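What follows is a short report on a single structure.
Numbering (the working numbering), first residue to last: 643 to 744.
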């Protein structure tokens with residue numbers, strides 16, 4: 643969650659708002675637990691370095707291990723401490739066809 647002013651189509655005054663950045667978990671093994679691969683671990687760290695200058699208010703993640711690991715790696719790269727919290731409503735629903743690592 644990032645606190646930032648919303649864009650104004652009219653070019654008028656900006657009022658404070660909340661901007662949500664969605665980050666998918668890093669590459670994970672195609673197992674029930676879906677642990678991150680070494681590539682997925684680096685992806686989480688990369689996103690943290692990329693977002694290092696953004697004033698994040700909080701990091702939300704699903705209870706899936708791959709999401710927790712990605713969020714932790716992201717947070718480790720930030721120049722400041724940020725609260726993290728699990729949100730059960732962030733779980734994937736349905737079937738997705740992907741290029742999963744076996």
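Don't be surprised by glycine CBs; every beta carbon is placed ideally from N, CA and C. None of these values were measured; they are calculated from a predicted model.
Given a cut-off of 8 Å on the beta-carbon distance, is the pair residue 721 and residue 668 in contact? By 1-based counting over the chain shown, the position of residue 721 is 79. By 1-based counting over the chain shown, the position of residue 668 is 26. The answer is no: Cβ separation not under 8 Å.
Work out the CA separation of residue 704 and residue 677 for me, nearest whole Å. As a position in the chain shown, residue 677 is number 35, starting the count at 1. As a position in the chain shown, residue 704 is number 62, starting the count at 1. Those two C-alpha atoms are separated by around 14 Å.
Please state if the CB of residue 728 and the CB of residue 745 are separated by a distance shorter than 8 Å. The requested residue 745 does not occur in the structure, where the chain is confined to residues 643 to 744.
From residue 724 to residue 697, what does the alpha carbon distance come to, in whole angstroms? Residue mapping note: residue 724 aligns to position 82 of the chain shown, counting from 1. Residue mapping note: residue 697 aligns to position 55 of the chain shown, counting from 1. Near 9 Å, if we compare the C-alpha coordinates of residue 697 and residue 724.
So the alpha helix (DSSP H) residue 712 belongs to, where does it begin and stop? The residue given as residue 712 occupies position 70 in the chain shown. Element bounds for residue 712: 707-718.
Quick one: what's got a C-beta closer than 7 Å to residue 675's C-beta in the same chain, skipping five residues either side? Residue numbering aside, residue 675 sits at position 33 when the chain shown is read from its first letter. Answer for residue 675: 707, listed in chain order.
Just to check my reading of the structure: residue 715 and residue 690 have Cβ atoms closer than 8 Å, yes? What is that Cβ distance to the nearest angstrom? Translated into the one-based positions of the chain shown, residue 715 becomes position 73. Translated into the one-based positions of the chain shown, residue 690 becomes position 48. The pair is a contact, with the Cβ atoms about 6 Å apart (cut-off 8 Å).
Contacting residues, own chain, Cβ-Cβ under 6 Å from residue 673 (five flanking each side not counted): Working through the chain shown from its first residue, we reach residue 673 at position 31. Taken in chain order, the list of residues that qualify is empty.
With residue 661 as the anchor, note down where its beta strand (DSSP E) starts and where it stops. By 1-based counting over the chain shown, the position of residue 661 is 19. Counting along the chain, residue 661 sits inside the beta strand (DSSP E) bounded by residues 659-661.
Hey, residue 670 and residue 682: beta-carbon distance below 8 Å or not? Indexing the chain shown from 1 puts residue 670 at position 28. Indexing the chain shown from 1 puts residue 682 at position 40. Cβ atoms of residue 670 and residue 682: closer than 8 Å.
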